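So the structure is just underneath, and the comments pick up after that.
In the working numbering, the protein residues as written are 12 to 978.
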């Protein structure tokens with residue numbers, strides 16, 4: 012019903028969707044002894060291991076399944092789940108899930124479960140190698156975006172998101188999944204070609220954070236199997252394993268009794284069920300099934316410490332308690348226990364959040380969570396990102412909060428706040444139940460498969476929750492919460508970029524010293540009220556105009572505020588809001604480092620009359636959100652809400668626009684977090700690209716550069732305030748509201764807030780700010796270095812094009828040209844050469860900066876292959892200049908792009924962006940109206956002409972990222 016895996020993150024996050032009013036301080040008894048964690052009582056009930064092949068969890072559970080789903084099982088034991096859903100209309104999602112992952116590998120197969128996932132796209136009995144992706148592209152599925160797969164320790168899933176739910180697309184997709192299920196050829200030649208791709212993916216994922224995560228897992232699961240079966244595997248196995256060992260895994264574990272097919276979409280359920288039975292009815296396993304592995308016992312130990320030294324990793328602290336998981340299948344009793352635990356963790360997280368926001372915080376950010384890891388161990392963790400070298404302070408703070416909750420529990424007022432907070436989230440989900448999106452529904456069902464969960468609807472979840480929390484006391488929650496710390500531990504893992512003096516012993520000593528300090532009961536909050544409910548007399552509308560073809564309305568208030576409204580039914584109970592003010596990057600000088608890297612301090616700094624912590628408390632039960640952003644031509648404050656809270660959302664956004672708090676502790680926390688970011692970024696090719704590319708592509712214009720270490724160290728809150736305050740307070744205001752509302756309600760909410768503000772002067776942008784430099788073509792590549800693995804390299808090659816409005820149709824030609832380039836890169840560099848995992852080609856065309864646009868290629872590749880890959884890219888560019896593309900290539904480039912836009916147009920997010928700035932620049936609306944027709948009319952000759960115009964070798968700019976030692 013409301014299982015831990017589906018709602019633990021929501022509850023534990025302590026989402027700030029609002030706060031309680033004044034409550035009396037409860038009296039807490041002072042305990043004279045140190046509390047210890049009681050052992051949890053064993054719940055009765057069926058276990059996941061009790062499920063028979065082909066059996067669904069609801070067959071053994073007392074939790075009622077969502078009736079919108081149809082479930083079935085074929086004679087072979089393969090299960091299927093089908094659901095009709097028309098959000099968005101005319102689309103479908105398919106998932107093929109296997110109860111198999113890296114835990115099932117033998118020692119000489121480490122990494123082959125994931126390797127097999129790659130081979131599912133590389134040839135089968137009825138589909139030649141290299142054709143599967145092309146077949147899907149012809150039906151509008153983009154490689155990566157709509158066709159994907161993932162392998163974990165204990166499961167593998169394949170996903171297809173179909174832009175059309177017509178018979179041809181559905182039949183083809185089911186055929187391809189059936190091929191993957193039981194007809195793969197796994198030819199040795201294809202395996203050898205794919206090795207480089209898998210090794211490229213391994214290099215891409217191998218970051219300091221990834222290595223710390225593996226080391227932490229190894230410490231938590233000492234002696235157990237999962238740390239010895241990391242899905243990406245062992246390099247030597249990936250380089251040398253014969254195809255037969257992949258085939259052995261395939262036949263042992265890709266079997267119907269271990270498979271589930273999920274189908275959600277705008278189709279007839281009876282017809283889909285018939286298609287599944289017809290396509291998969293003859294599938295039978297080959298050979299003997301695999302034998303389930305023994306994951307090993309949880310290590311018995313007391314307080315233990317492990318220091319993980321990893322260059323480029325941020326300082327972090329974890330305290331973990333481990334015990335054997337109960338393996339229970341989801342039942343009402345399990346849901347009740349887990350929900351009570353979740354509410355308790357939500358209180359803990361709220362406390363840790365408050366500590367992190369304090370004037371002199373002992374850590375940058377902290378959190379607490381619990382989870383079962385792969386059926387091997389149940390882990391409860393207190394974690395924090397520590398300030399550089401200040402790990403002892405983080406240990407002391409985490410230990411104090413753990414002992415505080417163990418000794419005194421949570422207060423009733425704290426619990427009531429979290430009950431209201433989580434209820435608002437569940438109520439919003441129930442309000443949007445009728446318009447849940449098809450891919451999300453498919454993923455939700457897949458998310459229940461591995462842990463014996465029963466899929467339930469948002470309205471069922473809300474009803475269960477309301478019954479559960481009726482009269483719920485803190486004593487009952489505390490009784491469950493305290494058992495979360497039973498078992499072995501705590502294990503203290505400290506991740507650091509440099510060695511810690513004294514190592515593990517020093518960490519244990521710091522923990523023992525912390526334990527000697529007493530903890531006091533948590534202090535109750537004082538009374539707070541929301542001070543921004545009125546902004547003066549409501550503003551009056553001066554002009555209102557319908558944009559009928561886009562179902563939008565443009566409004567102008569007497570004070571000059573512009574409002575664009577698009578009521579939709581894409582998502583019930585969802586409203587998106589964007590406030591645009593000033594001129595964004597056009598307001599910033601080009602010769603001074605932009606301070607917007609610290610922009611998150613703006614919202615975290617709260618408001619003049621109330622802190623961020625108190626805003627969240629006083630608005631408990633409300634759904635609201637606020638986030639500062641910057642666009643090329645505007646500063647933005649954005650949020651999302653539901654119809655009943657639209658007025659509150661507008662009050663919050665208006666308050667941030669006119670009276671931000673600018674509290675220094677919020678800025679200092681962001682600044683501290685950025686203090687070690689350079690060390691992290693320089694440890695990978697992706698980090699170096701992310702750090703340097705913006706500045707290089709704008710020839711050092713400091714509106715786009717990443718701040719240096721010195722600039723971060725010397726930064727002040729005043730710099731951010733100087734950049735942001737005046738545009739937000741004085742700039743022309745434009746508001747865009749899209750979603751489940753009416754024109755009248757949107758106008759009323761804005762009239763009472765932004766419409767009530769004084770008229771603004773609307774300062775112009777800085778002179779010359781509309782000019783953005785672009786690098787000259789490079790005769791020699793620009794070189795940047797990283798300090799990561801010696802076999803990691805990357806490139807970024809760009810050709811300058813133009814802005815969007817210089818030639819609108821030509822920009823569409825370039826878009827399709829980039830899609831064709833992407834197809835060629837995948838075919839040549841991934842499929843034929845096996846050089847890289849994820850080559851990318853893309854294009855961008857500015858709507859603000861004149862003559863600024865580009866087509867670019869980026870990819871990861873070993874340093875010794877960089878020159879050869881550059882030569883291949885130039886050969887592809889030359890071929891696109893010299894020869895027209897084929898009709899098949901054009902179709903495979905155009906159809907996925909057009910279908911992606913059609914899918915996007917059925918979302919509120921798309922229209923929030925599309926309407927931004929449209930009242931001031933009608934060209935944006937015209938571009939939106941014509942985009943699908945413009946892409947559709949692109950011809951092979953148009954693509955070739957665009958290639959001739961832009962893709963000359965002497966017009967390219969090249970950036971190479973190499974390991975530091977190889978420069």
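Positions of the beta carbon are idealized from the N, C-alpha and C atoms, including for glycine. In this text, all values refer to a predicted model and were calculated from it rather than measured experimentally.
Going by DSSP, name the residue or residues bridged to residue i.
i	result
residue 691	In DSSP, residue 691 forms no bridge with anything.
residue 602	Its beta-bridge partners do not exist; DSSP assigns none.
residue 871	805
residue 755	Answer is none; residue 755 lacks a bridge partner.
residue 374	The partner list for residue 374 (beta bridge, DSSP) is empty, contrary to what the question assumes.
residue 328	395, 505
residue 552	568
residue 971	794, 806
residue 557	564
residue 650	588
residue 315	502
residue 158	154, 171
Under the three-state reduction of DSSP, which class applies to residue i: helix, strand or coil?
i	result
residue 794	strand
residue 502	strand
residue 360	helix
residue 106	strand
residue 290	helix
residue 267	helix
residue 979	In this structure the chain extends from 12 to 978, so residue 979 is not present and cannot be described.
residue 275	strand
residue 93	strand
residue 82	strand
residue 577	strand
residue 714	coil
residue 310	coil
residue 163	coil
residue 58	strand
residue 645	strand
residue 545	coil
Are there 16 or more other CB atoms within 10 angstroms of the CB of residue i, so buried, or fewer, so exposed?
i	result
residue 42	Reliability of the predicted coordinates at residue 42 is poor, the pLDDT of 29 falling under 50, and no value is obtained from them.
residue 857	buried
residue 791	exposed
residue 901	buried
residue 959	exposed
residue 54	exposed
residue 375	buried
residue 743	buried
residue 782	exposed
residue 17	The predicted model places residue 17 with a pLDDT of 39, which falls under 50 and marks its position as unreliable, so this point remains unresolved.
residue 906	buried
residue 313	exposed
residue 548	exposed
Worksheet entry | alpha helix (DSSP H) runs wholly inside the segment 892 to 959, at least 4 long, in chain order | 898 to 915, 919 to 926, 934 to 947
Worksheet item: Using 8 Å as the Cβ pair cut-off and three pairs as the minimum, do the segment 609 to 617 and the segment 536 to 555 touch?
Response: no
Practice prompt. Scan the segment 410 to 455 and note each continuous alpha helix (DSSP H) run of 4 residues or more that stays entirely inside, going in chain order.
Written response: 423 to 442
Fill in: Meets three-Cβ-pair contact criterion under 8 Å: the segment 832 to 850 and the segment 866 to 874
yes
Fill in: Segments assigned alpha helix (DSSP H), at least 4 residues, entirely inside the segment 166 to 251
178 to 193, 199 to 216, 219 to 231, 246 to 251
Fill in: Within the segment 451 to 535, ranges of the alpha helix (DSSP H) (whole runs, at least 4 residues)
469 to 480, 485 to 492, 514 to 526
Discussion item. Count Cβ pairs between the segment 386 to 393 and the segment 518 to 533 that sit closer than 8 Å; are there 3 or more?
Written reply: no
Discussion item. Would the segment 57 to 71 count as touching the segment 348 to 355 if we require 3 or more Cβ pairs under 8 Å?
Written reply: no
Worksheet item: Given 8 Å as the limit, is there contact between the segment 725 to 735 and the segment 673 to 681, that is, 3 or more CB pairs closer than that?
Response: yes
Worksheet item: Any chance the segment 794 to 812 sits against the segment 954 to 974, with 3 or more Cβ pairs inside 8 Å?
Response: yes
Item to complete: Please determine if the segment 214 to 224 and the segment 143 to 161 are in contact, where contact requires at least 3 C-beta pairs separated by less than 8 Å.
Response: no
Practice prompt. Evaluate contact between the segment 127 to 134 and the segment 197 to 206, counting only Cβ atoms and requiring at least three cross-stretch pairs below 8 Å.
Written response: yes
Practice prompt. Could you say if the segment 560 to 578 and the segment 760 to 771 meet the contact criterion of at least three C-beta pairs nearer than 8 Å?
Written response: yes
Item to complete: Please confirm if the segment 434 to 448 is in contact with the segment 462 to 475, defined as three or more CB-CB distances below 8 Å between the two stretches.
Response: yes
Worksheet item: Do the segment 300 to 311 and the segment 225 to 245 make contact, defined as three or more Cβ pairs closer than 8 Å?
Response: yes
Item to complete: Count the CB pairs spanning the segment 595 to 613 and the segment 644 to 652 that are closer than 8 Å, and state whether there are at least three.
Response: yes
Fill in: Given 8 Å, three or more beta-carbon pairs between the segment 470 to 481 and the segment 86 to 104
no
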